[in-house]
Each structure stands twice: as structure tokens, then as C-alpha cells.
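Going by our numbering, the letters in the sequence shown line up with residues 9 to 86, in that order.
Beta carbons: idealized from backbone N, C-alpha and C, even for Gly.
Here's the structure, in C-alpha cells; my notes come after.
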Amino acid sequence: MTDEFGNIRPFANDAVRFDLEGPGEIIGDNPFPLVGGTGAIWIRAGEQAGQVRLAATHPQLGKRQVEIEIGAAPPEAV
């Protein structure tokens with residue numbers, strides 16, 4: 009998680025909630041606590057390619073979002 013200046017906040021260990029809009033789904037725990045100001049999530053692609061909007065919300069640092077272009081998953085993987 010970064011502050012308004014783009015600096016990683018290593019002591020920001022509160023839980024972060026992720027929201028995803030578009031043809032995909034979040035895999036794993038949500039929300040989850042950061043470790044040293046960092047964390048990771050996985051996005052599973054759906055049957056359609058497209059753009060997803062991923063938003064992360066932290067209780068003190070607010071909300072940040074990013075748009076990601078994803079490809080379609082092979083039919084046998086969906």
C-alpha cells in the first residue's frame with residue numbers, strides 16, 4: 009500500500025479489501041491483512057477477455073484502483 013506520494017507504507021498492516029469489476033474474479037482471502045505494507049491477490053480470468061478494474065481499500069490510506077486488460081481463460085480452465 010502506498011501513501012499519497014507513492015511511498016510504500018511498511019507499517020500499514022491493517023486489512024485491505026479488494027473489489028473487482030469486469031470479466032474476472034478474485035481468488036483467495038478478501039479482505040486480508042498486509043505484511044510490511046504489501047500483499048498479493050490473484051485474479052481468475054473468465055470466459056471473456058476484457059478490462060477489469062481492481063480497487064483496494066485501506067482503513068487509513070483510502071482507496072486506490074487500477075485497470076488491467078485480461079485475456080480469456082481456455083474453456084477447459086473455466
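*Contact check, I35 vs G58 under 8 Å by CB: the rounded distance?*
In fact, because the Cβ distance is near 18 Å, the residues do not count as touching under 8 Å.
*Taking Cβ positions, are D27 and P67 nearer each other than 8 Å?*
no
_Alpha carbons only, please: which of P83, P41 and K71 is nearest the one belonging to A53?_
P83
_Contact belief for G45 with I16 at Cβ below 8 Å, rounded distance in angstroms_ = 5 Å
*Between R25 and P41, what straight-line distance do the alpha-carbon atoms span, to the nearest angstrom?*
9 Å
*For A20, the nearest candidate out of A63, V74, V60 and M9 (CA to CA)*: M9
_Are the CB atoms of I51 and V60 within a distance shorter than 8 Å?_
yes
*asked:* On a Cα-Cα basis, can you pick out the residue from T65, A80 and R72 that is closest to P39?
replied: T65
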